[in-house]
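What follows is a single structure, written as structure tokens, with notes after it.
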Amino acid sequence: MSELFTVDAAEALVRDVLLASDVSPANAASVARALVAAEIDGQKGHGFSRLAAYAAQARSGKVDGHAVPRITRPFAAAILVDAGNGFAFPAIDAAIDALAETTPETGIAMAGIRRSHHCGQLGAHVERLAERGLIALMVANSPEAMAPWGGSRAVFGTNPIAFATPREGAAPLVIDLSLSKVARGRIMAAAQAGQAIPEGWALDAGGRPTTDPTAALAGTMIPLGDAKGAALALVVEILSATLIGANHAFEASSFFDAEGPPPGVGQTIIAFRPGVAGYGARLETLLGAILSQEGTRLPGAGKAAARRRAAEAGLEITEERLREIRALVPGTR
């Protein structure tokens, strides 16, 4: 059984948990928008499954629920955001607003976010810049989960990368992928549901293939594209951590445990103003060449329908998940 919630009601449900966990109203609203959007988009590993860990970390002080992002500008086209060891989403909101203001003037701009936390689905962040007419590329690191190719000890996170561009007469094109075979959040969600994972996603702590999500979480993720994926994970690590002074994956604490120091990970967003005359028309020519072939579709094409359904009919939340969420607020059932 399940219950339907409007988007506003679902966000209020998440906000109530965070407010009860010593998170400021502004930060709670930012986090709630991100988690509910992930649920709507079908990215459940970045949605409600994260809420219990978020609340526990805010209560323990591992995450500063009252952190206010601080912006500095080392030079005209560079923006540094100190997330203050708070949640990532308020800092990303600040970075997006700063990039949207700066990039039309400079043509290209970069925002680095450090002392940050889990940043959810990257595609949703770059999409917001594309909706403002900018091309955007985003990378993020995360706590150690993936070994370098040929190694057995995790050094990289799943280190996702996302890209978005505005289109003429259509919603932005958004590409969002993890550099592990799957995002770690999907394995966490499988563990919570007591479900096996497909072989080929992860290795256990002994370096053996496993379908047990708990063993996978204690082991390492398999990189997308094997050695090539591991090489790209190194690129992401350099851009999102080394470059901006954030913790490397192997220096970061868990996104899931309530104890220990803040993760202190990083995210980097690069925004471009489309500066070549005819860019929009040329992009549509390229996308048309793809779509002219039977059986093809553009990345992210299914999300539009999911968003329409949520707006029109509401977001479906299972009774079990609803009980879990409400149990996080003292005095509710």
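Under the numbering used here, the first residue of the sequence shown carries the number 10, and numbering increases by one thereafter. Think of the CB as a built atom: it goes at the ideal place given N, C-alpha and C, for glycine as much as any other residue.
- Annotation for R79: the continuous beta strand (DSSP E) segment containing it runs 79–84.
- Ranked by how close their Cα comes to the Cα of A87, the residues D25, H55, D266, A280 have A280 in first place.
- At a Cβ-Cβ threshold of 8 Å, G216 and H55 do not count as neighbours.
- Along the length of the region 209–282, whole alpha helix (DSSP H) runs at least 4 residues long occupy 222–227, 236–246, reported in chain order.
- When secondary structure is reduced to three states using DSSP, R124 falls in the strand class.
- When only Cα atoms are considered, Q66 and A313 end up about 33 Å apart.
- Beta bridge pairing from DSSP links D91 with R79, R123.
- Rounded to the nearest whole angstrom, the C-alpha separation of A109 and A214 is 43 Å.
- One Cα belongs to H257, the other to M10, and the distance between them is close to 42 Å.
- Sorting A239, V245, R68, V40 by C-alpha distance to the C-alpha of G159 places A239 at the top.
- For L226 and A192, the gap between their C-alpha atoms comes out near 11 Å.
- For the options D185, T251, G297, N168, the alpha carbon positioned closest to that of G51 is the one of D185.
- Rounded to the nearest angstrom, the Cβ distance from L292 to F165 is 32 Å, too far for a contact under 8 Å.
- The beta strand (DSSP E) runs lying completely inside the region 132–189 and spanning 3 residues or more are 144–149, 170–176, 179–186, given in chain order.
- Nearest to L89 by C-alpha distance, out of P271, T305, Q276, I334, is Q276.
- Between A104 and A120, the C-beta spacing is below 8 Å.
- With contacts defined as CB atoms closer than 8 Å, S263 and M230 fail to qualify as a contacting pair.
- In this structure, L44 places its C-beta atom within 8 Å of the C-beta atom of L60.
- With contacts defined as CB atoms closer than 8 Å, L146 and T112 fail to qualify as a contacting pair.
- Per DSSP, L307 is not a residue of any beta strand (DSSP E), being assigned neither H nor E.
- Judged by DSSP in its simplified three-state form, S69 adopts helix.
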